[in-house]
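Written below as structure tokens is the structure these notes are about.
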Amino acid sequence: DAGVIQSPRHEVTEMGQEVTLRCKPISGHDYLFWYRQTMMRGLELLIYFNNNVPIDDSGMPEDRFSAKMPNASFSTLKIQPSEPRDSAVYFCATSSGRAGAGELFFGEGSRLTVL
Amino acid sequence: AQTVTQSQPEMSVQEAETVTLSCTYDTSESDYYLFWYKQPPSRQMILVIRQEAYKQQNATENRFSVNFQKAAKSFSLKISDSQLGDAAMYFCAYRGSNTGNQFYFGTGTSLTVIP
Numbered sequence: 109d110a111g112v113i114q115s116p117r118h119e120v121t122e123m124g125q126e127v128t129l130r131c132k133p134i135s136g137h138d139y140l141f142w143y144r145q146t147m148m149r150g151l152e153l154l155i156y157f158n159n160n161v162p163i164d165d166s167g168m169p170e171d172r173f174s175a176k177m178p179n180a181s182f183s184t185l186k187i188q189p190s191e192p193r194d195s196a197v198y199f200c201a202t203s204s205g206r207a208g209a210g211e212l213f214f215g216e217g218s219r220l221t222v223l
Numbered sequence: 002a003q004t005v006t007q008s009q010p011e012m013s014v015q016e017a018e019t020v021t022l023s024c025t026y027d028t029s030e031s032d033y034y035l036f037w038y039k040q041p042p043s044r045q046m047i048l049v050i051r052q053e054a055y056k057q058q059n060a061t062e063n064r065f066s067v068n069f070q071k072a073a074k075s076f077s078l079k080i081s082d083s084q085l086g087d088a089a090m091y092f093c094a095y096r097g098s099n100t101g102n103q104f105y106f107g108t109g110t111s112l113t114v115i116p
């Protein structure tokens, strides 16, 4: 399996622009998580899905952030409009909910810089 | 919500020596999983070791082992014969069976390996 695939790896944009981050989960994994990592706040859970349905979005900072999972093979995290404080590394991670399955598999992350 | 605490923001170890990273967690569940993830400067999150709570035997993966104390809710990571490539941020994580399969992460310990 190719693992969790995220794109883009790096994104530099200007304040006010729309940013879309993409994630392809590992086939068969029914849980998908979006995390944000910064030096100041560490690793923060933004939202997670189970079987394409959002379960907990309480970590989404504000209405500028939205996430979708239209099917089992694809998820997006959108920021509109972007602000400099959104600069961070965004990770997508997936896991299986099967009993005994356990761990979380991470993508390589998308480093976002908002100027 | 569950909490995971890593009380050592930074640690250092001499090459070839042994170091122990601490982790405690708070839960009322009896069935759960615990993990240690490594994040080198490349930023990729890599699973180091996992422990199922129902297993009394401590998990071991080559030079990495854990000291799992269920009653004390403690889960420390021991790295033996430390190598330069072990330098990274280490995160402790918890996944419960009754918490929607959500993962809870500690704030991380930055490990420096001194040649």
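Chains as they are written, first to last, in the working numbering: chain A, 109 to 223; chain B, 2 to 116. From the three backbone atoms N, C-alpha and C, an ideal C-beta is built for every residue, glycine too. Bear in mind that the values here come from a model prediction, so they are computed numbers and not experimental data.
Give a yes or no on whether the C-beta atoms belonging to residue i and residue j are separated by under 7 Å.
| i | j | result |
| --- | --- | --- |
| V112(A) | I134(A) | yes |
| A175(A) | W142(A) | yes |
| G205(A) | N102(B) | yes |
| T110(B) | Q3(B) | no |
| S13(B) | I115(B) | yes |
| R130(A) | A196(A) | no |
| F92(B) | F106(B) | yes |
| V120(A) | I187(A) | no |
| Q52(B) | M90(B) | no |
| Y139(A) | S203(A) | yes |
| F157(A) | M46(B) | no |
Can you grab the Cα-Cα spacing for the pair residue i / residue j, in whole Å?
| i | j | result |
| --- | --- | --- |
| I50(B) | A60(B) | 7 Å |
| K79(B) | Q57(B) | 17 Å |
| K132(A) | L151(A) | 20 Å |
| F96(B) | T108(B) | It is Arg, not Phe, that sits at residue 96(B) in the sequence shown. Cα to Cα, the separation comes out at about 15 Å. |
| R193(A) | R44(B) | 20 Å |
| T25(B) | Q70(B) | 9 Å |
| E216(A) | Q114(A) | 7 Å |
| A88(B) | R64(B) | 14 Å |
| A54(B) | P189(A) | 43 Å |
| M177(A) | Y198(A) | 16 Å |
| R172(A) | S181(A) | 24 Å |
| D164(A) | A201(A) | 15 Å |
| L212(A) | Y33(B) | 14 Å |
Just verifying my parser: in three-state terms, what is the DSSP assignment at residue i?
| i | result |
| --- | --- |
| R51(B) | strand |
| D87(B) | helix |
| R144(A) | strand |
| D165(A) | coil |
| D194(A) | helix |
| H118(A) | strand |
| I113(A) | strand |
| E30(B) | coil |
| K79(B) | strand |
| P42(B) | coil |
| S212(A) | Looking at the sequence shown, residue 212(A) is not Ser but Leu. If DSSP states are grouped into helix, strand and coil, L212(A) belongs with coil. |
Taking Cβ positions only, does residue i come closer than 7 Å to chain B?
| i | result |
| --- | --- |
| L212(A) | yes |
| E216(A) | yes |
| G150(A) | yes |
| G124(A) | no |
| G205(A) | yes |
| Y139(A) | yes |
Of all the residues that make up the region 96-115 of chain B, which are near chain A by a beta-carbon distance shorter than 9 Å?
Listed by position along the chain: R96, S98, G101, N102, Q103, F104, Y105, F106, G107, T108 and G109.
Against chain A, which members of the region 33-63 of chain B pass a CB distance test of less than 7 Å?
Legend: CB atoms of the region 33-63 of chain B lying less than 7 Å from CB atoms of chain A belong to residues Y34, F36, R44, Q45, M46, L48 and R51.
Identify each residue in the region 68-92 of chain B for which the Cβ-Cβ distance to at least one residue of chain A is less than 8 Å, and report them in chain order.
Those residues of the region 68-92 of chain B that come within reach of chain A (Cβ to Cβ, closer than 8 Å) are F92.
Along the region 155-188 of chain A, where does the CB come closer than 9 Å to a CB of chain B? Name the residues.
Look at the region 155-188 of chain A: the residues with a C-beta under 9 Å from a C-beta of chain B are Y156, N158, I163 and D164.
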